[in-house]
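Visitor: The number in my numbering is simply the position in the sequence shown, starting from 1, with 108 added. Backbone N, C-alpha and C define an ideal beta-carbon position, used for all residues, glycine too.
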Amino acid sequence: MSTVHIDRLLDTVVKQKASDLHLTVGLPPTLRIRGHLVPLKTKALKPDDTLALMKAIAPERSQTELQEEGGSDFGFAYGEEARFRVAIFKQKGNVALTLRQIPNDILSFNQLGLPKIVSELCRRPRGLFLVTGPTGSGKTTTLASMTNYINENFDRHIITIEDPIEYYHPHGKSIINQREVGVDVPSFSEALRRALRMDPDVMLVGELRDLETIEAAIRAAETGHLVFGTLHTTGASGTINRIVDAFPVNQQEQIRVQLSVGLLAVLSQTLMPRIDRKGMVPGYEFLVVTPAISNLIREAKTFRIDSAIQTGKKFGMQLLDTHLWELYEEGAISAEMMIDKARNPGPLVEKVHDTGRSIGRTELDTPEEKISDEAKKVPDPVSGTNKRAG
109 MSTVHIDRLL DTVVKQKASD LHLTVGLPPT LRIRGHLVPL KTKALKPDDT
159 LALMKAIAPE RSQTELQEEG GSDFGFAYGE EARFRVAIFK QKGNVALTLR
209 QIPNDILSFN QLGLPKIVSE LCRRPRGLFL VTGPTGSGKT TTLASMTNYI
259 NENFDRHIIT IEDPIEYYHP HGKSIINQRE VGVDVPSFSE ALRRALRMDP
309 DVMLVGELRD LETIEAAIRA AETGHLVFGT LHTTGASGTI NRIVDAFPVN
359 QQEQIRVQLS VGLLAVLSQT LMPRIDRKGM VPGYEFLVVT PAISNLIREA
409 KTFRIDSAIQ TGKKFGMQLL DTHLWELYEE GAISAEMMID KARNPGPLVE
459 KVHDTGRSIG RTELDTPEEK ISDEAKKVPD PVSGTNKRAG
């Protein structure tokens, strides 16, 4: 009986430029390519297959955590080609895995299409810079690009706190220390508390996942550090509301005041397949905290932030829907994708119809286009060289 070999699967992920690999009992290995799930033309996985695949890549601590907690996260390098962030978990009593590919190349601001003011904000000595969006929207890639920009151009002490470490950064002009939650430090909040004693200039917090971590990040920004963090929120105003609402009611007024002073910017993003099938393209909403925005935050008038972003173009600000329309007009994304990702799709539908165009099914929806012929012909992955490290 053939056994599924992890290295053959990882080779396929890299060659097909897939963002993710899903391994679960009862289905063949499945790739995510340009947002679509694409099963490989191989045998369905059995419980022994997923267990063996997990044991081939998971460190001992993660295997123990899987047994005790029902799941674990870790990262590993696959030769020189890529790194992978892995979630292992139990489902119906069996082991399942999801592997996210982290490319080795860190993209520049230009390649990512980031607003020009981002490089200016990365020079700031203090403040909180939030990158937000749903899972798979490219937040990690954006943060890696910002960290790399600072590392290459300024002499700073950068501390990253990640779960797990995804992009590896060599020391450049800066000193960069990357701490992994569960390996180097027990929690995000503990890592932030300890980081303040390490003479940091810049701190990157992989996820502001609880009240204690959010509080620590705001405090670090207030005390003279540049802090980058992520949240799973959509839109700038929604992000501010989410932070304020995380606190007890009797603390919310104080947090608004702290945010009005400490918040630098909110970059909210989404990721979409290009209409020419040449990869993905990000869409951005960008808020820069000006004195006027600061007043809106302090006075709990976040409902007026969207209109302030519209009038703040000279500061580099833009609404997500404005950027989506620009990408659609350039021919980068389909009308359907623009409408799916829009915060307020109604006006965009009207604009499409006003230009005499229509919204309907596109070629991107057809399963035949989801994967190349090469991937369709992948045999049962039964052999391959071991390139894993770390």
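With a threshold of 16 other CB atoms inside 10 Å of the CB of Pro233, please say whether the residue is buried or exposed.
Guide: Reading the sequence shown from its first residue, position 125 is the one you call residue 233. Pro233 is exposed by the Cβ-count criterion.
Visitor: Please classify Glu471: does DSSP put it in a helix, a strand, or coil?
Guide: Translated into positions along the sequence shown, residue 471 becomes position 363. Below a pLDDT of 50, predicted positions are generally treated as unreliable, and Glu471, at 41, falls in that range; the measurement from the model is reported next regardless. Reduced to three states, the DSSP call for Glu471 is helix.
Visitor: For Gly241 and Thr378, I'd like the C-alpha separation in whole angstroms.
Guide: Here residue 241 refers to the residue found at position 133 of the sequence shown. Here residue 378 refers to the residue found at position 270 of the sequence shown. If you take the alpha carbons of Gly241 and Thr378, they lie about 6 angstroms apart.
Visitor: What separation, rounded to the nearest whole angstrom, lies between the Cα atoms of Val108 and Ser127?
Guide: Given a span of 109 to 498 for the chain in the structure shown, any question on residue 108 remains unanswerable.
Visitor: Checking 8 angstroms against the spacing of the C-beta atoms, do Thr255 and His277 come in under that value?
Guide: Here the question's residue 255 lines up with position 147 in the sequence shown. Here the question's residue 277 lines up with position 169 in the sequence shown. Yes, the Cβ-Cβ distance between Thr255 and His277 is below 8 angstroms.
Visitor: Looking at C-alpha atoms only, which residue of Ile467, Arg169, Pro399, Asn212 is the closest neighbour of Val291?
Guide: Working through the sequence shown from its first residue, we reach residue 291 at position 183. Among Ile467, Arg169, Pro399, Asn212, the Cα nearest to that of Val291 belongs to Arg169.
Visitor: By how many angstroms is the C-alpha of Thr410 removed from the C-alpha of Val357?
Guide: Working through the sequence shown from its first residue, we reach residue 357 at position 249. Working through the sequence shown from its first residue, we reach residue 410 at position 302. In a straight line, the C-alpha of Val357 is about 17 angstroms away from that of Thr410.
Visitor: For Gly332, does the count of other Cβ atoms within 10 angstroms reach 16, so buried, or fall short, so exposed?
Guide: Here residue 332 corresponds to residue number 224 of the sequence shown, with the count starting at 1. Burial call: exposed.
Visitor: For the structure I just gave you, are there three or more beta carbon pairs, one from the segment 202-216 and one from the segment 283-290, closer than 8 angstroms?
Guide: No, they do not touch.
Visitor: Answer yes or no: do Leu229 and Ser253 have a C-beta to C-beta separation smaller than 8 angstroms?
Guide: What you label residue 229 is simply residue 121 of the sequence shown in a count that begins at 1. What you label residue 253 is simply residue 145 of the sequence shown in a count that begins at 1. No, the pair does not count as a contact, with Cβ atoms beyond the cut-off.
Visitor: What are the boundary residues of the beta strand (DSSP E) that includes Thr378?
Guide: Here the question's residue 378 lines up with position 270 in the sequence shown. That run of the beta strand (DSSP E) goes 371-381.
Visitor: Using DSSP with H/G/I as helix, E/B as strand and the rest coil, what is Met425?
Guide: In the sequence shown, residue 425 corresponds to position 317, counting from 1. It is coil, neither helix nor strand.
Visitor: Hey, how far is the Cα of Arg350 from the Cα of Asp156?
Guide: The sequence position of residue 350 within the sequence shown is 242, counting from 1. The sequence position of residue 156 within the sequence shown is 48, counting from 1. Those two C-alpha atoms are separated by around 42 angstroms.
Visitor: Going by CA-CA distance only, name the one from Lys198, Asp309, Met162 that's closest to Ile267.
Guide: Mapped onto the sequence shown, residue 267 falls at position 159. For the residues Lys198, Asp309, Met162, the minimum Cα distance to Ile267 belongs to Asp309.
Visitor: Let me check understanding here. Comparing Cα to Cα, which of Arg451, Ser282, Pro272, Asp271 lies closest to Tyr257?
Guide: As a position in the sequence shown, residue 257 is number 149, starting the count at 1. When each option's Cα is compared against that of Tyr257, the closest is Ser282.
Visitor: Helix or strand or just coil, what does DSSP make of Gly435?
Guide: Mapped onto the sequence shown, residue 435 falls at position 327. Reading the sequence as shown, one finds Leu at residue 435 and not Gly. Helix at Leu435.
Visitor: Taking all protein chains shown into account, decide if Leu372 is buried (16 or more other Cβ within 10 angstroms of its Cβ) or exposed.
Guide: Translated into positions along the sequence shown, residue 372 becomes position 264. That one is buried.
Visitor: Who are the Cβ neighbours of Glu260 in its own chain at under 7 angstroms, not counting the five residues just before and after it?
Guide: Your numbering for residue 260 matches position 152 in the sequence shown. For Glu260, where only same-chain residues beyond five positions count, the Cβ hits under 7 angstroms are Gly280, Lys281.
Visitor: Hey, how far is the Cα of Arg562 from the Cα of Leu238?
Guide: This structure does not reach residue 562, given that the chain is present from 109 up to 498, and the question cannot be answered.
Visitor: Ser466 to Ile447, Cα distance in whole Å?
Guide: Taking the first residue of the sequence shown as 1, we reach residue 466 at position 358. Taking the first residue of the sequence shown as 1, we reach residue 447 at position 339. Roughly 12 angstroms between the two C-alpha positions.
Visitor: Check Gln418 in the structure and name its three-state DSSP category.
Guide: The sequence position of residue 418 within the sequence shown is 310, counting from 1. Three-state result, Gln418: helix.
Visitor: Thinking C-beta only, is Leu427 closer than 8 angstroms to Asp414?
Guide: In the sequence shown, the residue the question calls residue 414 occupies position 306. In the sequence shown, the residue the question calls residue 427 occupies position 319. For Asp414 and Leu427, yes; Cβs fall inside 8 angstroms.
Visitor: Apart from the five residues on each side of it in sequence, which residues of its chain come closer than 7 angstroms, Cβ to Cβ, to Gly439?
Guide: Looking up residue 439 in the sequence shown gives position 331. Correct list, in chain order: Ile383.
Visitor: I'd like the span of the beta strand (DSSP E) that includes Ala354, first residue to last.
Guide: Residue numbering aside, residue 354 sits at position 246 when the sequence shown is read from its first letter. Per DSSP, Ala354 belongs to no beta strand (DSSP E) and is neither H nor E.
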